[in-house]
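*Asks:* One structure follows; several queries about it will come next.
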Amino acid sequence: FCTIMKNDRKGRKNKVPTAQVVEKPTQTTESDVAQEKQDQWTSNILLAKRLETEFSAVYQMYGKGFSEWWNAKNQGGKMGLLMNVTHSSIPLKELPEGEIRRLLGQPNPLMSRALYDYNVQSLCSTCDCDGNVDHLNGRLLHEMAEWAINTEKKDQQNIDLSIECRNKGIFPDLFNGNVAFVMPPDEGELMGSPNVFNNKAPESEVNEFRELIEQGHLYDASAVQFAVSRKIFSLSLFVKLFDEYQVQVRRVASKNPYERLVGCRHCDRSCEAETSKFCSTCKVSWFCCRGCMAAAGHMRCPLGGEQDIKVIFN
1453 FCTIMKNDRK
1463 GRKNKVPTAQ
1473 VVEKPTQTTE
1483 SDVAQEKQDQ
1493 WTSNILLAKR
1503 LETEFSAVYQ
1513 MYGKGFSEWW
1523 NAKNQGGKMG
1533 LLMNVTHSSI
1543 PLKELPEGEI
1553 RRLLGQPNPL
1563 MSRALYDYNV
1573 QSLCSTCDCD
1583 GNVDHLNGRL
1593 LHEMAEWAIN
1603 TEKKDQQNID
1613 LSIECRNKGI
1623 FPDLFNGNVA
1633 FVMPPDEGEL
1643 MGSPNVFNNK
1653 APESEVNEFR
1663 ELIEQGHLYD
1673 ASAVQFAVSR
1683 KIFSLSLFVK
1693 LFDEYQVQVR
1703 RVASKNPYER
1713 LVGCRHCDRS
1723 CEAETSKFCS
1733 TCKVSWFCCR
1743 GCMAAAGHMR
1753 CPLGGEQDIK
1763 VIFN
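In case it helps, this note's numbering puts the sequence shown at residues 1453 to 1766.
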């Protein structure tokens, strides 16, 4: 979902002391132990929730100011900003349906293309609202307001769209032909892990669950995975745009910038706790604890200087 970009200016090299330094032994604490890496499904669900929580909070505080800043830009300025924060990876216009199907059906699916309705052309256009809404006119601002204010409704719309695309064959199966489902979460709960039938499962039982999926009592797991990817790319883009607003307009750095929300560079867990570590050299690498920082080989920054991070759509 992101990549680190090297800035034009060079970082200062750390001076290596010539004298031998003998460190006193210290007692090992919990933060000195590297955490186990999370599975990708859980990692994505939790990442989506972190992005949702942070974006809703910053939108409540700075949404009006951001909207005025965005609307003051001409089309070229809006396009340039979108291209900048995505390192020119966001599509210029919506891709043909067949191309979306091809890119998502590859052995390594290009999951960003599930968010086919987000592109430079569409996000710089006007929205269809009649004016009785709480956002300034514009597709980008409309999408931001929906995700920040009507989150549960937007989540359900995202699931429904992904299920529709699965039924049309635009979004492919991600579980090698096996029936795979996810229980719809209770209100306020996170989406659970998928249940997958293997080829040894009784056919009658598999057909029973297939019918429950078709009736909407269970979610198709592939559709859920595409819906979560759509949510992550949407909110990643919004958070990064707000980071730019904070720096360019308010002249302050975000408390929880995109690179922190992405999670630990070693285990993918949250970096919101007090034990989290931030690399002051590259300024983009976060770790949930000292142990993960050491396990990633980042006690001395291997990047050599200040970097930047982008939301990558490819």
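Ideal Cβ placement from N, Cα and C applies to all residues, glycine included.
Note that this is a predicted model, so its numbers are computed, not measured.
Kindly indicate which residue of F1507, G1590 and L1499 has the alpha-carbon position closest to the one of Q1698.
*Replies:* The count along the sequence shown starts at 1 and reaches residue 1698 at position 246. Checked all of F1507, G1590 and L1499; the closest Cα to Q1698 is F1507.
*Asks:* By a C-beta neighbour count over all protein chains shown, 10 Å radius and 16 as the cutoff for buried, is R1702 buried or exposed?
*Replies:* Your numbering for residue 1702 matches position 250 in the sequence shown. Result: exposed.
*Asks:* So, does the stretch 1673–1682 touch the stretch 1604–1624, judging by three or more C-beta pairs under 8 Å?
*Replies:* Touching, yes.
*Asks:* Pull up the CB-CB distance for R1502 and S1686, whole angstroms please, since I reckon it's below 8 Å.
*Replies:* Residue 1502 sits at position 50 when you count from the first residue of the sequence shown. Residue 1686 sits at position 234 when you count from the first residue of the sequence shown. Actually they are not in contact, since the Cβ atoms of R1502 and S1686 sit about 14 Å apart, beyond 8 Å.
*Asks:* Apply the 10 Å Cβ neighbour rule to N1650 and answer buried if 16 or more other Cβ atoms are within range, or exposed otherwise.
*Replies:* As a position in the sequence shown, residue 1650 is number 198, starting the count at 1. Burial call: exposed.
*Asks:* Using three-state DSSP, classify N1651 as helix, strand or coil.
*Replies:* The count along the sequence shown starts at 1 and reaches residue 1651 at position 199. Coil.
*Asks:* Please classify A1747: does DSSP put it in a helix, a strand, or coil?
*Replies:* Working through the sequence shown from its first residue, we reach residue 1747 at position 295. In the structure shown, A1747 sits in a helix (DSSP, three-state: H, G or I).
*Asks:* Excluding the 5 residues flanking L1562 on each side, which residues of the same chain have their C-beta closer than 7 Å to its C-beta?
*Replies:* Here the question's residue 1562 lines up with position 110 in the sequence shown. Only L1555, L1556 and N1766 meet the Cβ criterion.
*Asks:* Counting beta carbon pairs with one atom in the stretch 1568–1581 and one in the stretch 1536–1547, are three or more of them shorter than 8 Å?
*Replies:* The stretch 1536–1547, when compared against the stretch 1568–1581, does touch it at the 8 Å Cβ threshold.
*Asks:* Rounded to whole angstroms, how far is the Cβ of C1740 from the Cβ of C1716, which I believe are closer than 8 Å?
*Replies:* As a position in the sequence shown, residue 1740 is number 288, starting the count at 1. As a position in the sequence shown, residue 1716 is number 264, starting the count at 1. Yes, C1740 and C1716 are in contact; Cβ-Cβ is about 4 Å, under 8 Å.
*Asks:* Which partner residues does Y1671 have in the DSSP bridge list?
*Replies:* As a first step, residue 1671 is located in the sequence shown; it is residue number 219 there, counting from the start. In DSSP, Y1671 forms a bridge with V1634.
*Asks:* For L1593 and L1534, which I take to be in contact (beta-carbon distance under 8 Å), what is that distance rounded to the nearest angstrom?
*Replies:* Reading the sequence shown from its first residue, position 141 is the one you call residue 1593. Reading the sequence shown from its first residue, position 82 is the one you call residue 1534. With 8 Å as the limit, L1593 and L1534 do not qualify as a contact, their Cβ atoms being about 13 Å apart.
*Asks:* Assuming the contact rule is C-beta atoms closer than 8 Å, P1709 and D1695 should be a hit. Round their C-beta distance to whole Å, please.
*Replies:* Here residue 1709 refers to the residue found at position 257 of the sequence shown. Here residue 1695 refers to the residue found at position 243 of the sequence shown. Between D1695 and P1709 the Cβ distance is about 5 Å, and since that is below 8 Å, they are a contact.
*Asks:* What's the C-alpha gap between Q1492 and G1529?
*Replies:* Translated into positions along the sequence shown, residue 1492 becomes position 40. Translated into positions along the sequence shown, residue 1529 becomes position 77. For Q1492 and G1529, the distance between alpha carbons rounds to 36 Å.
*Asks:* Closest by CA to E1657, which one among N1630, A1675 and L1642?
*Replies:* Sequence index remark: in the sequence shown, residue 1657 carries index 205 (1-based). Measuring from the Cα of E1657, the nearest candidate turns out to be N1630.
*Asks:* Along the chain, where does the alpha helix (DSSP H) containing A1597 start, and where does it finish?
*Replies:* Start at 1 with the first residue of the sequence shown, and residue 1597 comes out as number 145. Element bounds for A1597: R1591 to I1601.
*Asks:* Please classify E1666 as buried or exposed, where buried requires at least 16 neighbouring CB atoms within 10 angstroms.
*Replies:* As a position in the sequence shown, residue 1666 is number 214, starting the count at 1. Under this definition E1666 is an exposed residue.
*Asks:* Who does F1730 pair with in a DSSP beta bridge?
*Replies:* Position 278 of the sequence shown holds residue 1730. DSSP, once it has assigned bridges, lists W1738 as partnering F1730.
*Asks:* Taking the alpha carbon of L1755 as the point to measure from, which residue in I1764, S1737, G1743 and A1747 has its own alpha carbon closest?
*Replies:* The sequence position of residue 1755 within the sequence shown is 303, counting from 1. The shortest C-alpha separation from L1755 is found at S1737.
*Asks:* Report the three-state DSSP secondary structure of N1571 (helix, strand or coil).
*Replies:* In the sequence shown, residue 1571 corresponds to position 119, counting from 1. Residue state, collapsed to three classes: coil.
*Asks:* Among residues of its own chain, excluding the 5 on either side of K1692, which ones have a beta-carbon nearer than 6 Å to its beta-carbon?
*Replies:* Residue mapping note: residue 1692 aligns to position 240 of the sequence shown, counting from 1. Answer for K1692: V1537, Y1710 and V1763, listed in chain order.
*Asks:* Can you grab the Cα-Cα spacing for the pair A1653 / M1635, in whole Å?
*Replies:* The residue labelled residue 1653 in the question sits at position 201 within the sequence shown. The residue labelled residue 1635 in the question sits at position 183 within the sequence shown. In a straight line, the C-alpha of A1653 is about 19 Å away from that of M1635.
*Asks:* Mind listing, in chain order, the continuous alpha helix (DSSP H) runs of no fewer than 4 residues lying wholly within the stretch 1515–1539?
*Replies:* Runs of the alpha helix (DSSP H) inside the stretch 1515–1539: 1527–1537.
*Asks:* If I measure Cβ to Cβ from C1744 and keep anything under 7 Å in the same chain, skipping five residues before and after, which residues do I get?
*Replies:* As a position in the sequence shown, residue 1744 is number 292, starting the count at 1. The residues are A1486, Q1487, C1716, H1718 and C1719.
*Asks:* What separation, rounded to the nearest whole angstrom, lies between the Cα atoms of D1625 and E1504?
*Replies:* For this step, residue 1625 is matched to residue 173 along the sequence shown. For this step, residue 1504 is matched to residue 52 along the sequence shown. Rounded to the nearest angstrom, the two C-alpha atoms are 26 Å apart.
*Asks:* Does DSSP put Q1512 in a helix, in a strand, or in coil?
*Replies:* Residue mapping note: residue 1512 aligns to position 60 of the sequence shown, counting from 1. Three-state result, Q1512: helix.
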